[in-house]
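Peer 1: Quick note on numbering that gives the first Met the number 0: the sequence shown kicks off at 0 and runs consecutively.
Heads up, the beta-carbon is just placed ideally off N, CA and C, and yes, glycines get one too.
First the structure, which I've put down as structure tokens, then a few questions once you've had a look.
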Amino acid sequence: MSALLEVGAGFHPELTGRENIRLNATILGFTRRETDSLMDQIIEFADIGDFLEAPVKHYSSGMYVRLGFAVAVMVRPEILIVDEVIAVGDEEFQRKCFDYLHGLRKAGTSLIIVSHGLSSITDLCDEALWLEAGNPRALGPSPAVTQAYLDEVNNREAAKSVQPAVVTPDAVPLAEGRRGSGEIRFLALEMINGGGESTSVLISGEPARLRIHYECVTEVTDAAFTVSLRNRIGAEVLMLSSVNGGKFHMIPGRGYVDFVTDELLLLSGTYAVNSSITSEGTVLDAWAECAEITVRPAGVEVGGTYLQRGAWVHLPLTTEVQSPS
């Protein structure tokens, strides 16, 4: 059995990387001859260069993980316990770790993965145990258990939902990112789930309704509403505009306009909303970062911002050689 449960676990800070390899291997029950036979493989996998001969007290957390993981897996244990410390490493090293774990699994090593990373659990594990406060909540095939966990988290977050605070048109001065002639003012953005309930969280792939609350001061015959969504790094990932779906005849008073979809195709994340209301090219109201939309996954995601529906099709090539006609 081998374990990697904490960054630098079992390392002596005053010893060099090479000396700590020998120390760790000895703790795992390997003889000096066995350790010497694995030394080159461990050094190559850790890939920490000249730092191998430096005391590990000078190592970064990523270097600790590289060396510790290399020792833990190169001794080829029958059972390997790995905490999610490999998440500390850079992208290249993480990929190398997961590729090697897949190789160990294929060779018959039993893996016990302790992680909050749902994708790694479904990717590496046949079965999963969901623990909460030390108590088991679910045990079974990893896709089913991770889905149950996600559903619970989504439900808890949605339960904290509150109705949006409708602001007055003068709540944000024009000098702070708001402009327009003012015939109509955006008041608030309300998120509504497939059940028709106001919520603070929308679920990717499920029905959703974005409700734009407004106040109209004077009659406008052809108002167009637009909202654009930007991710955390400021990249625009989606723009929704009523220009293509028809303009609205607005009368004085308060009301709302809905954007309705059977499937919200955004993946999980928090998106800043920029809103604008225009009429025949005139900006009536434009407000940058006036609201936020939070989207959570319906299942385990692999990354990106957009949920593309489709199917994978495999068409194997025949191995038979066809004689020319």
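I need the boundaries of the beta strand (DSSP E) containing N243, first residue and last residue.
Peer 2: N243 -> no beta strand (DSSP E), and no H or E assigned at all.
Peer 1: Are L239 and I292 touching if we call contact CB-CB under 8 Å?
Peer 2: no
Peer 1: Compute every distance between the C-beta of D284 and the non-hydrogen atoms of the ligand ATP, then say whether any falls below 7 Å.
Peer 2: Judged by which ligands are present, the structure shown has none, so any question about the ligand ATP falls away.
Peer 1: So, at 8 Å on beta carbons, what are the nonlocal neighbours of G139 in its own chain, with the 5 sequence-adjacent residues on each side left out?
Peer 2: E126, A127
Peer 1: Using CA coordinates, which residue listed in R208, Y63, S275 is at the minimum distance from G193?
Peer 2: R208
Peer 1: Classify L316: buried if its beta carbon has 16 or more other beta carbons within 10 angstroms, exposed otherwise.
Peer 2: exposed
Peer 1: Identify the residues that DSSP records as bridge partners of G268: which are they?
Peer 2: According to the DSSP secondary-structure assignment, G268 is paired through a beta bridge with V294.
Peer 1: Between W286 and the rest of its own chain, which residues show a CB-CB distance below 6 Å, the 5 nearest in sequence each way excluded?
Peer 2: R177, F185, S274
Peer 1: Would you check if the distance between the CB atom of P211 and the CB atom of Y255 is smaller than 8 Å?
Peer 2: Checking the sequence, you will find Ile at residue 211 rather than Pro. In this structure, Y255 lies closer than 8 Å to I211 by Cβ.
Peer 1: Do E205 and L263 have their C-beta atoms within less than 8 Å of each other?
Peer 2: yes
Peer 1: Please state the DSSP three-state secondary structure of I276.
Peer 2: strand
Peer 1: Going by DSSP, which residues form a beta bridge with A187?
Peer 2: H212
Peer 1: Nearest to G252 by alpha carbon, out of E156, I183, F68, E43?
Peer 2: I183
Peer 1: Taking just the CA atoms, how far does V236 sit from F97?
Peer 2: The alpha-carbon of F97 is positioned some 30 Å away from that of V236.
Peer 1: Quick one: using the 10 Å Cβ neighbour count with 16 as the cut-off for buried, is G133 buried or exposed?
Peer 2: exposed
Peer 1: What's the call for L265, buried or exposed, on a 16-neighbour Cβ count within 10 Å?
Peer 2: buried
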